[in-house]
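Undergrad: Would you mind keeping the following structure in view while I ask a few things?
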Amino acid sequence: MSLGRTHQGQPLDRLVYCRYFHGDRHPGCTALAYAKRRGPGPMRLDDYSHIWFQGGGHITERVGGLDNALWLYCFAPTKDGGVFLGGLRLEMWQAFCDLMGKWDEWGVDQWTSLSPFLDAESQLKYFPEVAKFTAGHTSDELERMSVEYSYTGRLAPITPVIAPIMSPLETMADPNWNERGIFTPAEDPVFGRVVVAQAQHKMTETPIRTKWVCRPTGYDNDFIYRKYMGLGPDRLGGLKRKGVV
């Protein structure tokens with residue numbers, strides 16, 4: 006959890022971060038508490054950092070948009086916007102270096118582990134080269150390069166993830182998601198007609214399972230108390246008046 010560190014009055018995006026496994030409410034309240042005590046500052050929630058700290062005492066910091074618990078894993082600029090880059094295995098990072106034309110210059114074939122790329126200094130060294138390369142292409146060009154590399158590249162079928170950053174409307178119109186029913190109009194019992202974002206792993210003909218969205222906390226409490234705890238209307242009403250439920 007970030008301690009809300011600042012520099013010259015501005016919140017830093019370099020922070021200690023971990024995840025608390027008690028849902029969104031606890032870390033949200035924790036972030037507000039720290040912000041009140043220590044001033045403005047970001048907060049990052051990630052399970053692997055929590056486990057790494059718990060198991061090995063390692064404090065994982067984040068530097069700007071870079072994540073030095075992972076590499077390659079960041080956003081990068083393009084001619085017409087930006088892309089998300091993912092190369093979470095050494096081979097994927099090597100493949101991206103190959104796309105950049107750095108295979109021989111950097112001795113990429115000699116790399117044996119991602120570990121040297123997980124510290125802040127290393128990422129701050131390599132990211133400018135990554136951003137310089139991506140900024141010379143459009144998002145679609147980079148995406149096509151990644152797909153083509155998976156067929157013809159030196160490390161094919163291994164290739165880095167290169168995903169264009171799209172607006173919400175562009176995303177909802179994407180044929181890949183439409184085919185799988187990822188964005189589905191629904192009549193919510195509380196909020197009316199909404200668009201539901203289904204789980205992205207629905208890549209088959211498995212029926213969509215979302216039945217409702219956006220229900221307020223406790224919306225189903227009466228039903229649950231009656232069905233599973235046997236509380237009738239009178240007793241449930243009494244507990245409500247006492248502030249128990």
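Throughout, the numbering used here is defined as the position within the sequence shown, counted from one, plus 5. Every residue gets a Cβ at the ideal spot worked out from N, C-alpha and C, and that includes glycine.
Contact check, phenylalanine 80 vs isoleucine 167 under 8 Å by CB: the rounded distance?
TA: As a first step, residue 80 is located in the sequence shown; it is residue number 75 there, counting from the start. As a first step, residue 167 is located in the sequence shown; it is residue number 162 there, counting from the start. The Cβ separation is near 11 Å, so there is no contact.
Undergrad: Just how far apart, CA to CA, sit glutamate 153 and asparagine 183?
TA: Here residue 153 corresponds to residue number 148 of the sequence shown, with the count starting at 1. Here residue 183 corresponds to residue number 178 of the sequence shown, with the count starting at 1. Their backbone Cα atoms lie some 24 Å apart in a straight line.
Undergrad: Rounded to whole angstroms, how far is the Cβ of threonine 83 from the Cβ of leucine 147, which I believe are closer than 8 Å?
TA: Along the sequence shown, one-based indexing puts residue 83 at 78. Along the sequence shown, one-based indexing puts residue 147 at 142. Their Cβ separation, rounded to whole angstroms, is 6 Å, which keeps threonine 83 and leucine 147 in contact under 8 Å.
Undergrad: Below 8 Å on the Cβ atoms is my contact criterion, and I expect serine 151 with glycine 86 to pass it. Report the Cβ-Cβ distance as a whole number of Å.
TA: Along the sequence shown, one-based indexing puts residue 151 at 146. Along the sequence shown, one-based indexing puts residue 86 at 81. Between glycine 86 and serine 151 the Cβ distance is about 16 Å, and since that is not below 8 Å, they are no contact.
Undergrad: With a threshold of 16 other CB atoms inside 10 Å of the CB of valine 200, please say whether the residue is buried or exposed.
TA: In the sequence shown, the residue the question calls residue 200 occupies position 195. Burial call: exposed.
Undergrad: Beta strand (DSSP E) containing arginine 94: first to last residue?
TA: Stepping through the sequence shown from its first residue, residue 94 is reached at position 89. Note, arginine 94: premise wrong, no beta strand (DSSP E); not H, not E.
Undergrad: With distances taken Cα to Cα, identify the nearest neighbour of glycine 223 among Pro180, Ala161, Val249.
TA: Indexing the sequence shown from 1 puts residue 223 at position 218. Among Pro180, Ala161, Val249, the Cα nearest to that of glycine 223 belongs to Val249.
Undergrad: Quick one: complete beta strand (DSSP E) runs, 3+ long, within the stretch 166-195?
TA: Taking only runs of at least 3 residues, the beta strand (DSSP E) segments lying wholly in the stretch 166-195 are 166-169, 188-193.
Undergrad: Enumerate in chain order the residues of its own chain whose CB-to-CB distance from phenylalanine 89 is below 6 Å, with the five nearest sequence positions on each side excluded.
TA: Position 84 of the sequence shown, counted from the first residue, corresponds to residue 89. Phe80, Ala168, listed in sequence order.
Undergrad: Tell me whether glutamine 115 is buried or exposed, calling it buried when 16 or more other Cβ atoms sit within 10 Å of its Cβ.
TA: Here residue 115 refers to the residue found at position 110 of the sequence shown. It is exposed - the Cβ of glutamine 115 has fewer than 16 other Cβ atoms within 10 Å.
Undergrad: Looking only at its chain, what residues have a beta carbon closer than 7 Å to the beta carbon of proline 121, apart from the 5 residues adjacent to it on each side?
TA: The residue labelled residue 121 in the question sits at position 116 within the sequence shown. Correct list, in chain order: Ser127.
Undergrad: Pull up the CB-CB distance for aspartate 103 and glycine 158, whole angstroms please, since I reckon it's below 8 Å.
TA: Here residue 103 refers to the residue found at position 98 when the sequence shown is read from its first residue. Here residue 158 refers to the residue found at position 153 when the sequence shown is read from its first residue. Confirmed, about 6 Å.
Undergrad: When the Cα atoms are used, what is the spatial distance from lysine 247 to alanine 136?
TA: For the purposes of this step, residue 247 is identified with residue 242 of the sequence shown, where counting begins at 1. For the purposes of this step, residue 136 is identified with residue 131 of the sequence shown, where counting begins at 1. So the alpha carbons of these two residues sit roughly 60 Å apart.
Undergrad: Closest to arginine 185 by CA distance: which of Met177, Glu192, Ala191 is it?
TA: Numbered from 1 along the sequence shown, position 180 holds the residue referred to as residue 185. Selected option, being the one with the closest Cα: Met177.
Undergrad: In the DSSP output, what is cysteine 79 paired with across the bridge?
TA: Position 74 of the sequence shown, counted from the start, is the residue given in the question as residue 79. Paired residue(s): Leu90.
Undergrad: Select from Pro165, Gly60, Leu93 the residue whose C-alpha is nearest the C-alpha of aspartate 72.
TA: Here the question's residue 72 lines up with position 67 in the sequence shown. Residue Leu93 is the option with its Cα nearest to aspartate 72.
Undergrad: Taking glycine 197 as part of the beta strand (DSSP E), name the residues at either end of that continuous run.
TA: In the sequence shown, residue 197 corresponds to position 192, counting from 1. Run containing glycine 197: 197-202, per the beta strand (DSSP E) assignment.
Undergrad: Figure out for me which residue from Gln99, Leu244, Thr139, Val195 has the closest Cα to the Cα of threonine 272.
TA: Any question about residue 272 goes unanswered here, given that the chain covers just 6 to 250.
Undergrad: How is lysine 84 classed by DSSP in three states: helix, strand or coil?
TA: Within the sequence shown, the letter at position 79 stands for residue 84. If DSSP states are grouped into helix, strand and coil, lysine 84 belongs with coil.
Undergrad: Distance check for leucine 123 and glycine 61, CA to CA, integer angstroms please.
TA: Translated into positions along the sequence shown, residue 61 becomes position 56. Translated into positions along the sequence shown, residue 123 becomes position 118. Each residue's Cα considered, the two are about 16 Å apart.
Undergrad: Less than 8 Å separating the beta-carbons of methionine 105 and proline 165?
TA: Numbered from 1 along the sequence shown, position 100 holds the residue referred to as residue 105. Numbered from 1 along the sequence shown, position 160 holds the residue referred to as residue 165. Cβ atoms of methionine 105 and proline 165: not closer than 8 Å.
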